[in-house]
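Chemist: Quick one: the structure is below, and I'll ask about it shortly.
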Amino acid sequence: MVWDSGRLQGESVSTSRKTLGQVRGLYLHGSASTLDDDTVLYTVEWLAPGGLTEGSLLWGCTHLNPGRVGDEYFMTHGHYHAISSRAEYYLPVSGSGVLLRMERDGRTWAEEMIAGKVHYIDGRHAHRVVNTGLEPLIFWACWPGDAGYDYASIAETGFGLRVVEHDGKPLWIEKAR
Ligand code: PAN
Ligand code: ZN
6 MVWDSGRLQG
16 ESVSTSRKTL
26 GQVRGLYLHG
36 SASTLDDDTV
46 LYTVEWLAPG
56 GLTEGSLLWG
66 CTHLNPGRVG
76 DEYFMTHGHY
86 HAISSRAEYY
96 LPVSGSGVLL
106 RMERDGRTWA
116 EEMIAGKVHY
126 IDGRHAHRVV
136 NTGLEPLIFW
146 ACWPGDAGYD
156 YASIAETGFG
166 LRVVEHDGKP
176 LWIEKAR
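Per the working numbering, residue 6 is the first one in the sequence shown, and the count goes up by one each step.
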C-alpha cells in the first residue's frame, strides 16, 4: 500500500471505475452535458481480506477526478449502507473537496475534505464526495464487510445539497424540501 498516492498493490486488489455514462442522471444538467459517456469520474481499489462478513473490515481508496458536468463538480454516486448500524471512516490524503452527509429525512451538510483529516460517518448517513479542486481527490476508506450499499434511494431523491462552481468558487445549493 502506498499511503500518499492512494495505491493498493497485489493480486487480491479489486478495482472498479465509474464513468459519466453510468451516472449522468445524478447531475442536474447531465443530459445537456457534451462530455463523453466514457469520461472516467472515479476509480476505487479495495481489499476484502475477511470477505463480506459480519466483523470483517474492508479497506479501499477512491480517486475522484477533477472536473464538472455543466457547473456541477464531479462527485461519487453516494449511498446509504444497507445495514444502518455500519459506520465508516474516510481519510483524505490528496486534493480537496467536500463530504456530503445526509439523514433519511433529507437534511444534508458538507464537511470540508483536506489531507490529514479523518471523517467518521455514522452508519445511518448517506455519504457522497465532491471534488471542488483542480487535482484528483484521493481518500482512503474503512468500512464493515457486511455494510452493503443502498444506491437506489440516492438515485431517487438525490442529496439535499448540490455543489456547483460559481465565479470560480464552490457554491452550495440547497434543494427545496
Ligand atoms: C466507498 C465508496 C467509494 C465510491 O468505498 O463506495 O468512495 O463511492 P460510491 O460507492 O458512492 O460510488 C464507501 O463509501 N464504501 O462504503
Ligand atoms: Zn460507504
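Each residue gets a CB set at the ideal place from its N, CA and C atoms; glycine is no exception.
1) From this set, W145, K180, E179, H171, which residue's C-alpha is nearest V7's C-alpha?
2) Let me know if T20 comes out buried or exposed under the rule of 16 or more other beta-carbons within 10 Å of its beta-carbon.
3) What is the rounded straight-line gap between the Cα of P97 and the Cα of A160?
4) Please name the residue in P149, Q27, K23, A181 whose C-alpha comes closest to that of S89.
5) With respect to the beta strand (DSSP E) encompassing V134, which residues constitute its N-terminal and C-terminal limits?
6) What residue range does the beta strand (DSSP E) around G65 cover?
7) Considering only the beta carbon of each residue, do T113 and K23 sit closer than 9 Å?
8) Mind checking which residues open and close the alpha helix (DSSP H) that includes E183?
9) Within 10 angstroms of the Cβ of H86, are there 16 or more other Cβ atoms? Answer buried if so, exposed if not.
10) At a cut of 8 Å, does the stretch 38-49 reach the stretch 67-79 through at least three beta carbon pairs?
11) Any C-beta of chain B sitting closer than 9 Å to the C-beta of A120?
Modeler: With the given structure in hand:
1) Among W145, K180, E179, H171, the Cα nearest to that of V7 is on W145.
2) T20 should be labelled exposed.
3) Approximately 25 Å between the Cα atoms of the pair.
4) P149 is the residue among P149, Q27, K23, A181 whose C-alpha sits nearest the C-alpha of S89.
5) 131-136 is the extent of the beta strand (DSSP E) around V134.
6) Taken as a continuous stretch (DSSP letters only), the beta strand (DSSP E) holding G65 covers 62-69.
7) No, the pair does not count as a contact, with Cβ atoms beyond the cut-off.
8) Beyond the ends of the chain as shown, which are 6 and 182, falls residue 183; an answer cannot be given.
9) Per the 10 Å Cβ criterion, buried.
10) Verdict: yes, contact present.
11) Although the question refers to chain B, the structure presented lacks it and comprises just one protein chain.
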